[in-house]
Amino acid sequence: MLLVNTIRENFEQVLEGLQKRNFPHAEAALHQVLELDKKRKETQTERDNLQAESNSIAKEIGMLMKSGKKEEAEKIKSRTSEIKSQVKLLEDAYNNIEEDLKQILYTLPNVPHYSVPKGKSADDNEIVLEHGSIPELHADKLPHWELIKKYDIIDFDLGVKIAGAGFPVYKGRGARLQRALINFFLDEAMKAGYIEVQPPILVNEDSGYGTGQLPDKEGQMYEATADKLYLIPTAEVPITNMYRDVILNEAEFPIKNVGYTPCFRREAGSWGAHVRGLNRLHQFDKVEIVQIVHPDRSYDALEDMSSYVQGLLQKLELPYRVLRLCGGDMGFTSALTYDMEVYSAAQERWLEVSSVSNFETYQANRLKLRFKGEDKKTQLAHTLNGSALALPRIVASILENNQTEDGIKMPKVLVPYLGFDMI
RNA sequence: AGAGGAGUGGCAGAGUGGUCGAUUGCGGCGGUCUUGAAAACCGUUGUACCGCGAGGUACCGGGGGUUCGAAUCCCUCCUCCUCUGCCA
């Protein structure tokens, strides 16, 4: 969440940022934050003073008791009841104010980076670059949902039977392709200096709040209600939360983690024309990269991650483009996001396969993720993450783009992992 | 899952109602000594909030309670250890 200090010191800038996101009533909300914070401080001062008085009386009584002056001690005791009830009142007031403040702050999205374009929807995103050429296929080309049937590599009906729509069963060479991609992505990340982790795929409430899935987006996560746990929508949640309530040493930067996990998304109400086949699922596989860095370095790290992801797409020989998301299309917690989209030649559409974001201190503030610098001061770190990569749409575009009359050609880099070069 | 035990500062480990944010040791940082280093000695060493500052407040697993006063007593939750049970 946003820092109150930032709102106070850079009011105009924050306001502009929220407006870029088309956040309604931004100015009123920001004023309310400042007002509540002011009230919070006043209440704290008042409460602390009374508490100090109460503490000193308690000490006095302690001394009197020790020196055996019980009657005097009893006399003083009567003075405390009034202070005590007042402290209680102020304490409650303080807690209420703080809670109200937190509630408003939770509703405020991150302030976009200055380079983020204005805009309302995906149509306003800025195309940063395009790479690769779009393959020309025969007129009888098939979309991937036909291809998977033709070659019997992914079975949606079977998934429906055992779980429901959006839970495909990968079979034979389809399953092998999944495993190959996961291994390829993990190996590449390790070469790039990321430390692999295998986190839990169920997380508690604190973790949900830490990375910003809660309180807003409960509906997007599957819940194990009996144990108050959530199935992760992305490995970002467990991996970033490893660093919740942590004070790092500046020397430990940059922290680079990679993890493969299944991801679960309820995607309630979002089924429609463009979500056939692998385009949108309730369960899918993803390899995620996370970086925790010094605030001065976070935009370099973002560019780093962006070119790393592009490198993967190049190795997979997929045509792609990079978008800088506009204010209206950006995720709630992000300051700057690049989306990578691959071209799926039979659907004749661009498909998002990665989203790389810098959250600056937005997540770190919730996570209490700090570091101690050379000057011995603790300050918030910057967090970043990106998909590297999400599998289903990669699979969709590999299948569609590489289809031939003799079968589907596999990208060269995957052949050692697959043990075959054609499906 | 049942019975018992335990959770204290970076780590180890005292403290069972009063002046304890907390003895001590190790580690870390600074210094003295030394050509340099080690050893020894001296000092220093948590986080957050409020305050220009002096200083104040809170935190001894989390939350709640008793008390003038809680690390210490009570309730509850979490975690870990031991034994029993179950299980990949």
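According to UniProt numbering, the first sequence holds residues 1 to 423 in order.
For glycine and all other residues, C-beta sits at the position ideal for the given N, C-alpha and C.
| Segments of 3+ residues assigned as beta strand (DSSP E) that fall wholly inside the segment 255-330 | 255-264, 283-293 and 320-324
| query | When you compare only the Cα positions, how much space is there between Y151 and P109? | reply | Along the first sequence, read from residue 1 onward, the residue named residue 151 stands at position 151. Along the first sequence, read from residue 1 onward, the residue named residue 109 stands at position 109. If you take the alpha carbons of Y151 and P109, they lie about 45 Å apart.
| message | I'd like to know whether the C-beta atoms of A396 and L351 end up nearer to each other than 8 Å. | response | Here the question's residue 396 lines up with position 396 in the first sequence. Here the question's residue 351 lines up with position 351 in the first sequence. For A396 and L351, yes; Cβs fall inside 8 Å.
| field | Segments assigned beta strand (DSSP E), at least 3 residues, entirely inside the segment 75-152 | value | 126-131
| Buried or exposed (CB count within 10 angstroms, at least 16 for buried), N249 | Residue 249 sits at position 249 when you count from the first residue of the first sequence. Flag for N249 reads exposed.
| field | Cβ pair G259, A235 closer than 8 Å | value | To locate residue 259, count along the first sequence from 1; it is residue 259. To locate residue 235, count along the first sequence from 1; it is residue 235. Yes, these two residues count as a Cβ contact at 8 Å.
| field | Boundaries of the alpha helix (DSSP H) in which Q379 is found, first to last residue | value | Position 379 of the first sequence, counted from the start, is the residue given in the question as residue 379. Not the alpha helix (DSSP H): Q379 falls in the beta strand (DSSP E), residues T378 to L380.
| query | To which residues does DSSP link I154 through a beta bridge? | reply | Here residue 154 corresponds to residue number 154 of the first sequence, with the count starting at 1. According to DSSP, which records beta bridges pairwise, I154 is partnered with Y170.
| field | CB contact flag (L30, F11, <8 Å) | value | Looking up residue 30 in the first sequence gives position 30. Looking up residue 11 in the first sequence gives position 11. Contact flag set, yes.
| said: Among Q103, I398, D155 and L3, whose alpha-carbon lies nearest the alpha-carbon of A180? | reply: If you number the first sequence from 1, residue 180 lands on position 180. For the residues Q103, I398, D155 and L3, the minimum Cα distance to A180 belongs to I398.
| query | Considering only C-alpha positions, which residue in the set Q86, G193 and L147 is nearest to R173? | reply | On the first sequence, position 173 is the one that residue 173 refers to. With distances taken between Cα atoms, R173 lies closest to L147.
| request: Using the DSSP secondary-structure output, state which residues sit across from I247 in a beta bridge. | output: To locate residue 247, count along the first sequence from 1; it is residue 247. Paired residues: R370.
| request: Taking M340 as part of the beta strand (DSSP E), name the residues at either end of that continuous run. | output: On the first sequence, position 340 is the one that residue 340 refers to. Element bounds for M340: L336 to S344.
| Best match in L105, N204 and L302 for proximity to D227 [C-alpha to C-alpha] | Your numbering for residue 227 matches position 227 in the first sequence. It is N204 whose Cα lies nearest to the Cα of D227.
| request: Give the DSSP-derived three-state secondary structure of N183 in the structure shown. | output: Taking the first sequence and counting its residues from 1, the one referred to as residue 183 is at position 183. Three-state result, N183: helix.
| Straight-line CA distance for S298 to D206? | Counting from 1 along the first sequence, the entry for residue 298 is found at position 298. Counting from 1 along the first sequence, the entry for residue 206 is found at position 206. Near 25 Å, if we compare the C-alpha coordinates of D206 and S298.
| Beta-carbon proximity check, T261 vs L367, cutoff 8 Å | Taking the first residue of the first sequence as 1, we reach residue 261 at position 261. Taking the first residue of the first sequence as 1, we reach residue 367 at position 367. No, the Cβ-Cβ distance between T261 and L367 is not below 8 Å.
| said: Here's a check: name, in chain order, each residue in its chain whose Cβ is nearer than 8 Å to the Cβ of V97, leaving out the five neighbours to either side. | reply: Within the first sequence, the letter at position 97 stands for residue 97. This sequence places Ile at residue 97; Val is not what is there. Here the set comprises L36, K39, R40 and T43.
| query | Are the beta-carbon atoms of Y338 and R266 separated by less than 8 Å? | reply | Counting from one through the first sequence, the residue named residue 338 turns up at place 338. Counting from one through the first sequence, the residue named residue 266 turns up at place 266. The answer is no: Cβ separation not under 8 Å.
| query | So, do the segment 274-289 and the segment 159-167 have three or more beta carbon pairs nearer to each other than 8 Å? | reply | yes
| said: Would the segment 314-325 count as touching the segment 282-297 if we require 3 or more Cβ pairs under 8 Å? | reply: no
| L177 to L186 span [Cα, whole Å] | On the first sequence, residue 177 is found 177 positions in, with the first residue counted as 1. On the first sequence, residue 186 is found 186 positions in, with the first residue counted as 1. Rounded to whole angstroms, L177 to L186 spans 14 Å at the Cα level.
| message | Please report the straight-line C-alpha distance between E126 and E341, rounded to a whole angstrom. | response | In the first sequence, the residue the question calls residue 126 occupies position 126. In the first sequence, the residue the question calls residue 341 occupies position 341. Computed Cα separation, rounded: 13 Å.
| task | Please classify R21: does DSSP put it in a helix, a strand, or coil? | result | In the first sequence, residue 21 corresponds to position 21, counting from 1. Looking at R21 - three-state DSSP - the assignment turns out to be coil, as it is neither helix nor strand.
| Supposed contact pair E400 and S344 - C-beta distance, whole angstroms, cut 8 Å | What you label residue 344 is simply residue 344 of the first sequence in a count that begins at 1. What you label residue 400 is simply residue 400 of the first sequence in a count that begins at 1. Correct: roughly 5 Å between the Cβ atoms.
| message | Whole angstroms are fine: how far does the CA of Q403 sit from the CA of K409? | response | Looking up residue 409 in the first sequence gives position 409. Looking up residue 403 in the first sequence gives position 403. Approximately 6 Å, taken between the alpha carbons.
| request: Can you tell me which of N385, D124 and R349 puts its alpha carbon nearest to the alpha carbon of I134? | output: As a first step, residue 134 is located in the first sequence; it is residue number 134 there, counting from the start. The residue with the shortest Cα to Cα distance from I134 is R349.
| request: Identify which residue in V309, K70, D304 and E74 has its Cα closest to the Cα of K286. | output: The residue given as residue 286 occupies position 286 in the first sequence. Taking only the C-alpha atoms, the option nearest K286 is V309.
| What do you get for G327, buried or exposed, if any count of 16 or more other CB atoms within 10 angstroms of its CB means buried? | Reading the first sequence from its first residue, position 327 is the one you call residue 327. Buried, since its Cβ has 16 or more Cβ neighbours within 10 Å.
| said: Pull the bridge partners of Q68 from the DSSP assignment, please. | reply: As a working note, residue 68 is residue 68 in the first sequence. Reading off the sequence, residue 68 comes out as Gly, not Gln. Looking at the DSSP assignment, G68 forms no beta bridge with any residue, so it has no partner.
| query | Does DSSP put F420 in a helix, in a strand, or in coil? | reply | By 1-based counting over the first sequence, the position of residue 420 is 420. Correct three-state label for F420: coil.
| query | What is the residue span of the alpha helix (DSSP H) that N241 lies within? | reply | Reading the first sequence from its first residue, position 241 is the one you call residue 241. Looking at the DSSP string, the run of the alpha helix (DSSP H) that includes N241 is E236 to N241.
| task | Inspect the CB distances between the segment 17-26 and the segment 106-125 and report whether three or more fall short of 8 Å. | result | yes
| task | On the DSSP bridge assignment, give the partners of V33 in chain order. | result | As a working note, residue 33 is residue 33 in the first sequence. Partner(s): none; V33 has no beta bridge.
| message | Please list the terminal residues of the continuous beta strand (DSSP E) segment that includes N358. | response | Indexing the first sequence from 1 puts residue 358 at position 358. Looking at the DSSP string, the run of the beta strand (DSSP E) that includes N358 is R349 to E360.
| field | Residues near L302 in its chain [Cβ-Cβ closer than 7 Å; skip 5 each side] | value | The sequence position of residue 302 within the first sequence is 302, counting from 1. Closer than 7 Å at Cβ, skipping near neighbours: L336, V356, N358 and L384.
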